[in-house]
Each structure stands twice: as C-alpha cells, then as structure tokens.
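Under our numbering, the first residue of the sequence shown is numbered 7, with each subsequent residue one higher.
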Amino acid sequence: MRKTNLEEAIGRKYPEWVTLVVAADESGRPNAMPAGWVTFTSIDPVMLAVSVGFERYTHGLLKQSDEFVVTYPSAEQKEDVYYCGNHSGADVDKFSETSLKKEEPARVSVPLVQNSVVCFECEKRGELVTGDHTIFAGEIVAAHVAEEDLEKIYTVKGWHEKGYAGFQTIEEMARGR
Ligand SMILES: Cc1cc2nc3c(=O)[nH]c(=O)nc-3n(C[C@H](O)[C@H](O)[C@H](O)COP(=O)(O)O)c2cc1C
7 MRKTNLEEAI
17 GRKYPEWVTL
27 VVAADESGRP
37 NAMPAGWVTF
47 TSIDPVMLAV
57 SVGFERYTHG
67 LLKQSDEFVV
77 TYPSAEQKED
87 VYYCGNHSGA
97 DVDKFSETSL
107 KKEEPARVSV
117 PLVQNSVVCF
127 ECEKRGELVT
137 GDHTIFAGEI
147 VAAHVAEEDL
157 EKIYTVKGWH
167 EKGYAGFQTI
177 EEMARGR
C-alpha cells in the first residue's frame, strides 16, 4: 500500500449511488434532497440511515418530522436531481420547479416520487451527530418499485464539474462516458 492524501483516497470510493431524501414541513410541503450518504443499517427491522449536513434545509425538516422517504431516482430524472442538489427548499419549491411528480404513499405522510426506481417509506427511529452532519436512521415501513425497468444513477469521481451529465447509469459508466 502507498500512503496518500484523503482527496486521492476518497476519490477511490466512487461510483456512489444517488438517492433523493424527501421530507416535509409542518404544513405538509415536501422537499427533495439528493444524498449519496445513504446506507442500510439493520435487517430486523429493516432500517436505513441518511447523513445530512447541518446547513441543509432537509436537516431542519428531518429534525422536526418523524417520517421521510428515500428514493433511488431513475436516469430520466438526472436534470431534476441536479436541480434539487443545487437549490435549497428554503428558497424554492422543488416539486413546482422541476418535473418531479408526487405520488401517494402507503404509510407515511411524505409523498413518493413518481418514476423512481424504488421508494422506501421510513419512520424515524434515531439520530446521531457525526462531525458536521447528522445521521437520521429510519425503519422502512413500506416500499414501492417502478412498474417498468428503470436505470439507477451514480456519481463518479469529478462529477461536480460535469453538471447533470455527471450522473451516470451502470451502462454509461461501463462505456466510460
Ligand atoms: C449527487 C449528490 C449527492 C449529495 N449527497 C449529500 C449527502 O449525502 N448529504 C448531504 O447533506 N448533502 C448531500 N448533497 C448536497 C445536497 O443535496 C444539496 O446541498 C441540496 O441543495 C440541499 O437541499 P435542501 O437545502 O433543500 O435540503 C448531495 C448533492 C448531490 C448533487
């Protein structure tokens, strides 16, 4: 092994999946935030966790709410996901400004996102501050998959400079685009 700096080492962790974390304010207005730092954390019950920076609008929503939805967006949603990652729900209504469409959930009061690859409805079970982010853990209480075959998207090293073209499917990554 060769000792190196953190930038080079962290660059080797890519590709990283892209998710959207949907949470709502007290009036029920939902907001969607792209998140790469999402992972499953438990089998029984099935749980997942998302790490959210203190300064995100979504951080406040997840602090005050007991429910959230995690979706894996499809390749068709690249531009909208990019918009959501470059705007804050504190300033804009992302569901009005993008073509993302809400869909009725089964158990929670936060909407699903139509045409996602998969949506997980979560009830918040815990929080842990780690540095400048809080990890919010949720139990998955319902799940939904697309009726058609849709491709998930990932980020690769250097994706920030490429705009939404930095979000790639497995096939695009294999072709080296
Ligand atoms: C691909 C991608 C992955 C991201 N992953 C995370 C993440 O895991 N945690 C986080 O706090 N922010 C993450 N961000 C940044 C937020 O999505 C971004 O700051 C967003 O505008 C915050 O929206 P909000 O203020 O409406 O919550 C990511 C952005 C992109 C584009």
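Even glycine gets a Cβ: it sits at the ideal position worked out from N, Cα and C.
Looking only at its chain, what residues have a beta carbon closer than 6 Å to the beta carbon of residue i, apart from the 5 residues adjacent to it on each side?
i, result
"residue 132", "143"
Quick check on the DSSP output: the beta strand (DSSP E) that includes residue i runs from which residue to which?
i, result
"residue 107", "Counting along the chain, residue 107 falls outside any beta strand (DSSP E), and DSSP gives it neither H nor E."
"residue 17", "First-last for residue 17: 12-17, but that is the alpha helix (DSSP H), not the beta strand (DSSP E)."
"residue 37", "36-41"
"residue 139", "139-151"
When you compare each of the options to residue i by their alpha carbons, which one comes out closest?
i, options, result
"residue 40", "181, 106, 52 and 72", "106"
"residue 70", "145, 129 and 9", "129"
"residue 96", "47, 62, 20 and 51", "62"
"residue 163", "109, 14, 140 and 9", "14"
"residue 126", "56, 102, 33 and 19", "56"
If you draw a straight line from the alpha carbon of residue i to that of residue j, how long is it in whole angstroms?
i, j, result
"residue 151", "residue 124", "4 Å"
"residue 58", "residue 25", "12 Å"
"residue 180", "residue 21", "11 Å"
"residue 11", "residue 112", "46 Å"
"residue 53", "residue 118", "18 Å"
Can you round the beta-carbon distance between residue i and residue j to whole angstroms, since I take them to be within the 8 Å contact cut?
i, j, result
"residue 37", "residue 67", "6 Å"
"residue 74", "residue 27", "6 Å"
"residue 170", "residue 23", "The pair is not a contact, with the Cβ atoms about 16 Å apart (cut-off 8 Å)."
"residue 121", "residue 174", "Not confirmed; about 18 Å, so no contact."
"residue 30", "residue 115", "7 Å"
"residue 100", "residue 89", "7 Å"
Considering just the uninterrupted stretch of the alpha helix (DSSP H) at residue i, what are its terminal residues?
i, result
"residue 179", "176-181"
"residue 156", "Neither: residue 156 is in no alpha helix (DSSP H) and is coded neither H nor E."
"residue 66", "63-70"
"residue 87", "84-92"
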